[in-house]
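Working notes for the structure below.
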Amino acid sequence: MAWFILLAGLAIVLISRGPDLLRIPGTMLSPTSRTAFDSWLNEDPARAEGHAALLEYLTAQGVSDVVPVWQLTRIDGHYARRCDLPVFRIPPRELWPNIVPALRLVRDEVKPRVGEVEVLSSYRTPDLNTCARGASRSNHLDFSALDLRTVDGKSGPDFYQRLCAMQDAAGPGSRMGLGAYYDASRPNYAGGRFHIDAEGFRSWGRSYTAASSPCR
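For the record, in the sequence shown the residue sitting at position 57 is 59 according to our numbering, with numbers rising by one throughout.
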């Protein structure tokens with residue numbers, strides 16, 4: 003009877019917390035979920051203050067509703083866990099203006115084409131970038147880039163071609179940088195992940211070079 007009560011209680015918790023749970027095989031809680039973020043935020047009052055200030059700043063810039071602001075604290079869950087580094091980080095305040103142009107591109111160009119998106123990686127600490135073997139001048143270091151995927155999990159060649167068409171329609175004046183990581187030889191490689199910044203009109207693919215871009 004005790005086991006039954008315990009299992010019933012666990013089921014209630016799982017149902018009440020919804021999609022934040024059971025997102026990673028073998029674990030009950032995704033390390034990058036909203037539930038995990040709330041737990042991290044509550045560990046230190048300074049984090050809550052920083053998040054509130056970031057929300058206030060982005061609201062003043064008119065971009066606080068483009069993506070859930072808490073997702074902008076995801077430095078990159080995959081590499082953070084591999085490198086034994088924190089999954090969340092409030093970006094340095096002096097860098098906050100850098101993300102505004104990218105968020106405007108997501109609002110004006112990306113979402114009308116592909117629908118709602120979630121942030122997988124935004125600001126990256128130098129330690130994480132080094133461990134992940136990122137570019138030494140990665141725009142993530144300046145909090146001016148976003149790695150995204152659609153909420154409904156779009157992927158495959160047609161999806162990446164849609165992204166290419168989106169960038170083409172936006173044109174050079176948009177200064178849109180598009181990382182479209184599709185690789186026909188490994189079609190499941192990126193899982194629908196893509197990069198957006200407003201640091202110059204260009205595109206690249208899996209090898210992070212223009213030659214590998216599916217937008218050629």
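Glycine included, each C-beta is placed from N, C-alpha and C at the ideal position.
Integer-rounded CB distance, given that residue j should sit under 8 Å from residue i
i           : j           : result
residue 181 : residue 196 : 6 Å
residue 65  : residue 109 : 7 Å
residue 115 : residue 164 : 6 Å
residue 76  : residue 34  : 6 Å
residue 134 : residue 199 : Actually they are not in contact, since the Cβ atoms of residue 134 and residue 199 sit about 17 Å apart, beyond 8 Å.
Counted within 10 angstroms of its Cβ, other Cβ atoms place residue i as buried (16 or more) or exposed
i           : result
residue 61  : exposed
residue 139 : exposed
residue 211 : exposed
residue 141 : buried
residue 111 : buried
residue 175 : exposed
Rounded separation between residue i and residue j - CA only
i           : j           : result
residue 55  : residue 43  : 13 Å
residue 26  : residue 155 : Confidence at residue 26 is low in this model, with a pLDDT of 38, below 50, so the placement of that residue is unreliable and no value is reported for it.
residue 88  : residue 129 : 11 Å
residue 100 : residue 125 : 10 Å
residue 127 : residue 170 : 31 Å
residue 192 : residue 149 : 11 Å
Where residue i sits in the DSSP three-state scheme
i           : result
residue 41  : helix
residue 153 : coil
residue 97  : helix
residue 105 : helix
residue 144 : helix
residue 83  : helix
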